[in-house]
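Novice:
Residue numbers (the UniProt record's numbering), protein chains in the order written: chain A, 1 to 239; chain B, 1 to 261.
#1: Buried or exposed: where does residue 161 (chain B) fall if 16 or more other Cβ atoms within 10 Å of its Cβ makes it buried?
#2: Quick one: list the residues of chain A neighbouring residue 185 (chain B), beta-carbon separation under 9 Å, in chain order.
#3: Need the endpoints of the alpha helix (DSSP H) that residue 81 (chain A) sits in, please.
#4: Are the beta-carbon atoms of residue 58 (chain A) and residue 108 (chain A) separated by less than 7 Å?
#5: Listing by chain order, which chain A residues have their CB less than 8 Å from the CB of residue 176 (chain B)?
#6: On the DSSP letters alone, give me the boundaries of the alpha helix (DSSP H) that residue 162 (chain A) sits inside.
#7: Residue 181 (chain B) CB to nearest chain A CB: under 7 Å?
#8: Quick one: any contact between the segment 140-152 of chain A and the segment 201-215 of chain A, if contact means 3 or more CB pairs under 8 Å?
#9: Taking only three categories from DSSP, how would you classify residue 256 (chain B)?
#10: Let me check understanding here. Comparing Cα to Cα, which of A:161, A:229 and A:111 lies closest to residue 67 (chain A)?
#11: Counting along the chain, where does the alpha helix (DSSP H) carrying residue 39 (chain B) start and finish?
#12: How about residue 148 (chain B) and residue 206 (chain B): do their beta carbons lie closer than 7 Å?
#13: Tell me whether residue 284 (chain B) sits in a helix, a strand or coil according to DSSP, three-state version.
#14: With three or more C-beta pairs closer than 8 Å as the rule, is the segment 224-232 of chain B touching the segment 209-216 of chain B?
#15: With burial defined as no fewer than 16 other Cβ atoms inside 10 Å of the residue's Cβ, what is the status of residue 165 (chain A): buried or exposed?
#16: Leaving out five residues on either side along the sequence, give the residues of the same chain with a beta carbon under 6 Å from the beta carbon of residue 11 (chain B).
#17: Suppose the cutoff is 6 Å on Cβ atoms and the five residues either side in sequence are ignored; what does the same chain contact list for residue 33 (chain A) look like?
#18: Counting only Cβ pairs nearer than 7 Å, list the residues of chain B close to residue 59 (chain A).
#19: Mind listing the chain B neighbours of residue 77 (chain A)? Cutoff is C-beta to C-beta under 9 Å, in chain order.
#20: Can you give the Cα-Cα distance for residue 46 (chain B) and residue 190 (chain A), rounded to whole angstroms?
#21: Taking CB distances under 7 Å as the criterion, tell me whether residue 116 (chain A) reaches chain B.
#22: Under 8 Å Cβ to Cβ from residue 129 (chain A), same chain only, skipping five residues before and after it: list those, please.
#23: Could you round the C-beta distance between residue 175 (chain B) and residue 194 (chain B) to whole angstroms and report it? I think they count as a contact, below 8 Å.
#24: Between which two residues does the alpha helix (DSSP H) carrying residue 180 (chain B) extend?
#25: Determine the direct distance from the alpha carbon of residue 62 (chain A) to that of residue 132 (chain B), and round the result to whole angstroms.
#26: Do we get a CB-CB distance below 7 Å when we pair residue 227 (chain A) with the residues of chain B?
#27: What residues from chain B crowd round residue 112 (chain A), counting only those whose CB sits closer than 7 Å?
#28: So, under 8 Å CB-CB, residue 62 (chain B) and residue 68 (chain B) are touching, yes? Tell me the CB distance rounded to an integer number of Å.
#29: Between residue 36 (chain A) and residue 195 (chain A), what straight-line distance do the alpha-carbon atoms span, to the nearest angstrom?
#30: Using a C-beta to C-beta distance shorter than 9 Å, which residues of chain B count as neighbours of residue 70 (chain A)?
#31: Hey, quick one: how far does the alpha helix (DSSP H) through residue 112 (chain A) stretch, first residue to last?
#32: Which term fits residue 244 (chain B), buried or exposed, when burial requires 16 or more other beta carbons within 10 angstroms of its beta carbon?
#33: Would residue 189 (chain A) pass as an interface residue toward chain B - the criterion being a Cβ-Cβ separation below 7 Å?
#34: Since residue 161 (chain B) meets chain A, which of its residues come closer than 8 Å, beta carbon to beta carbon?
Shown next as structure tokens:
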């Protein structure tokens, strides 16, 4: 129990890391809901090339960010798909996995559209992620419910942290442009990532509620999966 | 070509530099395309653009050569010697043609007007790709009798990375203008296939003597139908793999493994 308490507090720390940077002190979840309409469409046609040109560095960052996010959501989809294949017959877990999977489908869909819209090359490692993601989902699910939840917890922790890093970098990029911070392409991207980050962290909560920490060999499982996620993020942003 | 050969030892240093820069952004380096922020500036400086566009007008007569470059420089009021400011000489002249014609596509091809004049409801993506290919190939018409020289310059070892990258950019541009929204491995196969089709048709066109390049357009259509038959083969293979995987999962289930695809 103490262990779990410790964990939850570190998790809320992750969530609040962004507080000082955010323009107001509203909870992120509220803001996520407010901007849900804008973010769910993900794509609005913003024309008028009046804003400042983006630097090469910024464009490179955006390119990498969207590519890696798409790859990440693809991986998440496949993990849930794999878990679902195993837990399909379990009346208790079936709706739970299905719900998380549906949210991931929406995330992937949004990033697919962004990839096409912003002419970003999708990751070339896709065939590998297809196999690895699905195998990870099926593998951990076959180890049992707790192992599957430990996998979800590890993956979502990494993704949550990764999205936080991106939001921080984007806010930093726009810190001198009040207009861009208010509306526009990049503002929409920030809102989208924020909303998705919150949903990923909900999955993390769900996993912890289902006793992810109680899995056999939790530490090994979690360390290996988190290491794998970090490597996948590093590779996908580049290749 | 003779001038290129003569300049070889002198050029080695610039060549190695050029390769390292090109490989850095090689092969398919696309950067975030924004609708709100202005696009990055042209890779050519205003002086370079002026000289190179003037030089292109001399290509039909003098070919892709330093002569054309010098005449171009003279036309826009620079000294002959200012041609040395153009880092890669003749190759930059070829590249200027490639880049400007690629960027011109989005202005010169208007699908909406085309659809209205043809009475077609909506052009399919392959139909749009064909229109774009033909349009781009037609942009080579004024210099087609000199284009083999350009292909020769492009195939020099030092220029290959930049040439391939330019071909990839052209095919990316065409798929984007045709409204393709691939976001998976299709993205790669589509671009690779179109690059192959375009490059081979362009080569064919340099030797085509038929009226109005009729043979070239036939050649282009044959290449497109080749790709279609390859697509059929791959989809057949995919169906077979899918079937086998399901059969395998059924075998597992008959052994009481809790797993279903």
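Here a beta-carbon is modelled for each residue, glycine too, at the ideal position from N, C-alpha and C. Computed from a prediction, not measured in an experiment: that's the story for all the values here.
Specialist: By the coordinates alone:
#1: Residue 161 (chain B) sits at position 161 when you count from the first residue of the second chain. Buried, by the Cβ-count rule.
#2: Numbered from 1 along the second chain, position 185 holds the residue referred to as residue 185 (chain B). Correct list: 122, 124, 126 and 127.
#3: Sequence index remark: in the first chain, residue 81 (chain A) carries index 81 (1-based). That run of the alpha helix (DSSP H) goes 56-87.
#4: Within the first chain, numbered from 1, the residue matching residue 58 (chain A) stands at position 58. Within the first chain, numbered from 1, the residue matching residue 108 (chain A) stands at position 108. No, the pair does not count as a contact, with Cβ atoms beyond the cut-off.
#5: Taking the first residue of the second chain as position 1, residue 176 (chain B) is located at position 176. Those within 8 Å of residue 176 (chain B) in chain A are 119.
#6: Along the first chain, one-based indexing puts residue 162 (chain A) at 162. Residues 145-173.
#7: For the purposes of this step, residue 181 (chain B) is taken as residue 181 along the second chain, with counting starting at 1. Yes - at least one Cβ of chain A is within 7 Å of the one on residue 181 (chain B).
#8: yes
#9: By one-based count along the second chain, residue 256 (chain B) stands at place 256. Residue 256 (chain B) falls in the coil class under three-state DSSP.
#10: Along the first chain, read from residue 1 onward, the residue named residue 67 (chain A) stands at position 67. The candidate whose alpha carbon is nearest that of residue 67 (chain A) is A:111.
#11: The count along the second chain starts at 1 and reaches residue 39 (chain B) at position 39. Careful: residue 39 (chain B) lies outside any alpha helix (DSSP H) and carries neither H nor E.
#12: Along the second chain, one-based indexing puts residue 148 (chain B) at 148. Along the second chain, one-based indexing puts residue 206 (chain B) at 206. In contact: residue 148 (chain B) and residue 206 (chain B) (Cβ atoms closer than 7 Å).
#13: An answer regarding residue 284 (chain B) cannot be provided, because it is not within the stretch 1 to 261 covered by chain B.
#14: no
#15: Residue 165 (chain A) sits at position 165 when you count from the first residue of the first chain. The residue is exposed, with fewer than 16 neighbouring Cβ atoms inside 10 Å.
#16: Along the second chain, one-based indexing puts residue 11 (chain B) at 11. For residue 11 (chain B), the pLDDT reaches just 40, beneath the cut-off of 50, and the residue's location in the model is therefore unreliable, although a value from the coordinates is still provided. The answer is none, since no qualifying residue turns up.
#17: Here residue 33 (chain A) refers to the residue found at position 33 when the first chain is read from its first residue. Summary for residue 33 (chain A): the model assigns pLDDT 33, below 50, so the residue's position carries little reliability, and this model does not support an answer.
#18: In the first chain, the residue the question calls residue 59 (chain A) occupies position 59. The contacting residues are 31 and 32.
#19: The residue labelled residue 77 (chain A) in the question sits at position 77 within the first chain. Correct list: empty, because the minimum Cβ distance to chain B is about 12 Å.
#20: Locating residue 46 (chain B) in the second chain gives position 46, where the first residue counts as 1. Locating residue 190 (chain A) in the first chain gives position 190, where the first residue counts as 1. C-alpha separation (whole angstroms): 36 Å.
#21: Counted from its first residue, the first chain places residue 116 (chain A) at position 116. At least one chain B Cβ lies under 7 Å of residue 116 (chain A).
#22: Position 129 of the first chain holds residue 129 (chain A). Counting only Cβ-Cβ distances below 8 Å, and skipping sequence neighbours, we find 71, 74, 75, 78, 123, 232 and 236.
#23: One-based indexing of the second chain puts residue 175 (chain B) at position 175. One-based indexing of the second chain puts residue 194 (chain B) at position 194. Contact holds; Cβ gap of about 7 Å.
#24: Stepping through the second chain from its first residue, residue 180 (chain B) is reached at position 180. Premise fails: residue 180 (chain B) is in no alpha helix (DSSP H) and is neither H nor E.
#25: To locate residue 132 (chain B), count along the second chain from 1; it is residue 132. To locate residue 62 (chain A), count along the first chain from 1; it is residue 62. Their backbone Cα atoms lie some 29 Å apart in a straight line.
#26: The residue you call residue 227 (chain A) lines up with position 227 of the first chain. It does not; no Cβ of chain B falls within 7 Å.
#27: For the purposes of this step, residue 112 (chain A) is identified with residue 112 of the first chain, where counting begins at 1. Ordered by position in chain B, the residues that pass the 7 Å Cβ test against residue 112 (chain A) are 183.
#28: Counting from 1 along the second chain, the entry for residue 62 (chain B) is found at position 62. Counting from 1 along the second chain, the entry for residue 68 (chain B) is found at position 68. Going by Cβ atoms, the distance from residue 62 (chain B) to residue 68 (chain B) rounds to 4 Å, so yes, they are a contact pair.
#29: By 1-based counting over the first chain, the position of residue 36 (chain A) is 36. By 1-based counting over the first chain, the position of residue 195 (chain A) is 195. With a pLDDT of 34 at residue 36 (chain A), under the threshold of 50, the modelled position of this residue cannot be trusted, and the question is left open.
#30: For the purposes of this step, residue 70 (chain A) is taken as the residue at position 70 of the first chain. Correct list: 183.
#31: The count along the first chain starts at 1 and reaches residue 112 (chain A) at position 112. Taken as a continuous stretch (DSSP letters only), the alpha helix (DSSP H) holding residue 112 (chain A) covers 93-117.
#32: Locating residue 244 (chain B) in the second chain gives position 244, where the first residue counts as 1. Exposed is the call here.
#33: Taking the first residue of the first chain as 1, we reach residue 189 (chain A) at position 189. It does not: the Cβ of residue 189 (chain A) has no partner Cβ on chain B nearer than 7 Å.
#34: Within the second chain, residue 161 (chain B) is the residue found at index 161, counting from 1. The premise fails here: residue 161 (chain B) is roughly 17 Å from chain A at the closest Cβ pair, so nothing lies under 8 Å.
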